[in-house]
Each structure stands twice: as structure tokens, then as C-alpha cells.
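This report concerns only the one structure given below.
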Amino acid sequence: MSAIQDTIRTEMTTAWKAGDNTRRDALRLLMAALEYARIDLGRPLEDADTIRVLQKEAKQRRDSITEYEKAKRSDLVDKEQAELNVIVTFLPQQLEDDEIRELARAVIAETGASGAGDVGKIMRPLIARVAGRADGSRINQIAREVLGT
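When the letters of the sequence shown are read in order and numbered with the working numbering, they come out as residues 84 to 232.
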């Protein structure tokens, strides 16, 4: 079990004892998602695996929030936002756009990328350098911006 999973389990127990049902339920959902990922991989999760699962869960919540806002379901938006707030506490500190731009420029210089057609060429090394500290769509948007497309 990864250190992050241990922390989540401890936090869940603390929330349960404190009567914080919203946090407890969000942490239970995370534990279930982590267990499903462990079963899919067929091995215990490492911290990197756990972060990927957390990012996936956060993205699902963001997408749900967007859809619920379109449907004017503020009750569901609040629920999803509360879960997202809990998930975010376990993710690594997110990079600022300027930091991603700097990394993108470095990767562009290393790979010799020069135009819009080279976005795919720089994405893999750029995502590896960002390593879970930014959303993939945000990375792609900034990479395109830096390439001038």
C-alpha cells in the first residue's frame, strides 16, 4: 500500500470519528477507486499509480460539475465540489502556467519541435516532466500556445 493510501485511510477514520460524513464518504469513494485500480493492475499500487487514480477521480468530478452546472443542479454541483476538494488535498502541488511554459520551452528545444504538427512530439516528454502536477488538457493547451499554434 502506498503512503498516500495510508494517509487516505487514516483521514477516513478521523473523519468518521469526527462525524464529518461528507469527507468520510468522499474518502470511501477514493478508497474504492484505489482498490479497483489495484485489482486492475494485479499488484499493490505505488505512489505514482495512486496519483494517477486521484487525478482520474478529480477529472471525473470536474467534468460532472460542468455537466451539473449546465443542468442547473446546484445540489449535485455542491456534492461533487466537496468531493473534489477532498481529492485535491492528496494530489501534488499543481504547477502554475508559467512553470509549464518553461518546461514546454525546454522540451521544444530538446526535441527540435517547431510548429503545430510537433505537438504530439513534445507531449510525452512534457507530461513525464510534469508528472501529475497539472491536468493533461492544460498541458496540451500551453504546449500549443508555446509552439504558436
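Note that CB positions come from ideal geometry on N, CA and C, so glycine has one too.
Nearest-angstrom Cα distance between Val213 and Lys155?
Position 130 of the sequence shown, counted from the start, is the residue given in the question as residue 213. Position 72 of the sequence shown, counted from the start, is the residue given in the question as residue 155. Their Cα atoms are separated by approximately 34 Å.
Does Leu110 pass the burial test, meaning 16 or more other C-beta atoms within 10 Å, or should it be called exposed?
The sequence position of residue 110 within the sequence shown is 27, counting from 1. Under this definition Leu110 is a buried residue.
Hey, Gln88 and Leu137 are a contact pair by Cβ (cut 8 Å); roughly how many whole angstroms apart?
Position 5 of the sequence shown, counting from 1, holds the residue named residue 88. Position 54 of the sequence shown, counting from 1, holds the residue named residue 137. Not quite, the Cβ-Cβ distance comes to about 10 Å (not below 8 Å), so this is no contact.
For Ala211, count neighbouring Cβ atoms within 10 angstroms of its own Cβ and tell me buried if that reaches 16, exposed if not.
Here residue 211 refers to the residue found at position 128 when the sequence shown is read from its first residue. Ala211 comes out exposed.
Taking only three categories from DSSP, how would you classify Lys155?
On the sequence shown, position 72 is the one that residue 155 refers to. Three-state DSSP puts Lys155 in coil, outside helix and strand.
Go ahead and pull the three-state DSSP assignment for Ala86.
Here the question's residue 86 lines up with position 3 in the sequence shown. In this structure, Ala86 counts as helix in the three-state DSSP scheme.
Note down the Cα distance separating Ala98 from Thr105, rounded to an integer number of angstroms.
Translated into positions along the sequence shown, residue 98 becomes position 15. Translated into positions along the sequence shown, residue 105 becomes position 22. Between Ala98 and Thr105, the C-alpha separation is close to 9 Å.
Taking one C-beta from the segment 195-206 and one from the segment 116-128 each time, how about it: are there three or more such pairs within less than 8 Å?
no
Terminal residues of the continuous alpha helix (DSSP H) containing Glu129?
On the sequence shown, position 46 is the one that residue 129 refers to. Glu129 -> no alpha helix (DSSP H), and no H or E assigned at all.
Would you mind stating whether Arg144 and Leu174 have Cβ atoms separated by less than 9 Å?
Locating residue 144 in the sequence shown gives position 61, counting from the first residue. Locating residue 174 in the sequence shown gives position 91, counting from the first residue. No, the pair does not count as a contact, with Cβ atoms beyond the cut-off.
Any idea if Val229 is buried or exposed, counting beta-carbon neighbours within 10 angstroms, 16 or more meaning buried?
For the purposes of this step, residue 229 is taken as the residue at position 146 of the sequence shown. It counts as buried.
How about Leu159 and Glu140: are their beta carbons less than 9 Å apart?
Here the question's residue 159 lines up with position 76 in the sequence shown. Here the question's residue 140 lines up with position 57 in the sequence shown. Going by C-beta atoms, Leu159 is not nearer than 9 Å to Glu140.
Check whether the Cβ atoms of Asp132 and Ser85 lie closer than 9 Å to each other.
Within the sequence shown, the letter at position 49 stands for residue 132. Within the sequence shown, the letter at position 2 stands for residue 85. It is a contact, given that the beta carbons lie within the stated cut-off.
Given a threshold of 16 other Cβ atoms within 10 Å of its Cβ, counted over all protein chains shown, does Val169 qualify as buried or as exposed?
The residue you call residue 169 lines up with position 86 of the sequence shown. Buried is the call here.
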